[in-house]
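In my numbering, the protein residues as written are 233 to 418.
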Ligand SMILES: Cc1cc2nc3c(=O)[nH]c(=O)nc-3n(C[C@H](O)[C@H](O)[C@H](O)COP(=O)(O)O)c2cc1C
């Protein structure tokens, strides 16, 4: 199982990067092969429909598409921006969605969100789920919302026991889900 893991934040102290790193470490221990991407490696120019129609695909998009294609599954920790998906992440999905074949199609995905607010970013994650499903991603139905992240997350640990249990259960369930949905070898 090859899993691409990233957080949709450029901040070195990002709470979502902490979650993504914890996820990568958990998956590594549970025998997945993790490709951890820093968000800067996933930067793309603004989507341009004319350019896309002409097949004039930016090199960065081609590079990211190849990386996504190598993965069987994705783990995305995305902050909620204005109750929705960070524009940079939506932009990346838009570029990938118009490639043929779309490298996202038939992947499985686990979604997480860390925020300082108590709500935990559930609305942003629901928007991200809808967008990913529209391009053929099988999003694992439970997600991890982590409110008051500065209290809950340490540098490389989950300080709060309940969140730690949710994280563990979620990852165990996701690995099983992603394994069941792996395309069977012909
Ligand atoms: C443009 C912008 C919009 C934001 N909108 C929300 C929001 O709708 N809900 C929320 O809980 N936090 C919101 N925040 C706060 C982010 O959750 C907070 O900055 C978070 O730490 C970002 O994630 P990171 O630590 O991984 O960089 C917003 C932040 C920015 C910069």
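Where is the CB? At the ideal position from N, CA and C, for every residue including glycine.
Opposing strand residues paired with residue 284 [DSSP bridges]
Position 52 of the chain shown, counted from the start, is the residue given in the question as residue 284. According to DSSP, which records beta bridges pairwise, residue 284 is partnered with nothing at all.
With a threshold of 8 Å, establish whether the CB of residue 315 neighbours any heavy atom of ligand 1.
Indexing the chain shown from 1 puts residue 315 at position 83. Residue 315 Cβ: within cutoff of ligand 1.
Locate the beta strand (DSSP E) running through residue 265, then write down its first and last residues.
For this step, residue 265 is matched to residue 33 along the chain shown. It spans 265-269 - the beta strand (DSSP E) in which residue 265 sits, taken as one unbroken run.
3 or more residues per run - each beta strand (DSSP E) lying fully within the stretch 233-266
Uninterrupted beta strand (DSSP E) stretches at least 3 residues long and entirely within the stretch 233-266 occur at 234-239, given in chain order.
In the structure shown, what three-state DSSP assignment does residue 346 receive?
Residue mapping note: residue 346 aligns to position 114 of the chain shown, counting from 1. Strand.
Are the Cβ atoms of residue 303 and residue 391 separated by less than 9 Å?
As a first step, residue 303 is located in the chain shown; it is residue number 71 there, counting from the start. As a first step, residue 391 is located in the chain shown; it is residue number 159 there, counting from the start. No.
Output needed for residue 315: all residues of its chain with C-beta closer than 7 Å, excluding positions within five of it in sequence on either side, in chain order.
Sequence index remark: in the chain shown, residue 315 carries index 83 (1-based). Non-local beta-carbon contacts of residue 315 in its own chain, meaning distances under 7 Å to residues more than five positions away in sequence, involve 355, 356 in chain order.
What separation, rounded to the nearest whole angstrom, lies between the Cα atoms of residue 266 and residue 260?
In the chain shown, residue 266 corresponds to position 34, counting from 1. In the chain shown, residue 260 corresponds to position 28, counting from 1. In a straight line, the C-alpha of residue 266 is about 6 Å away from that of residue 260.
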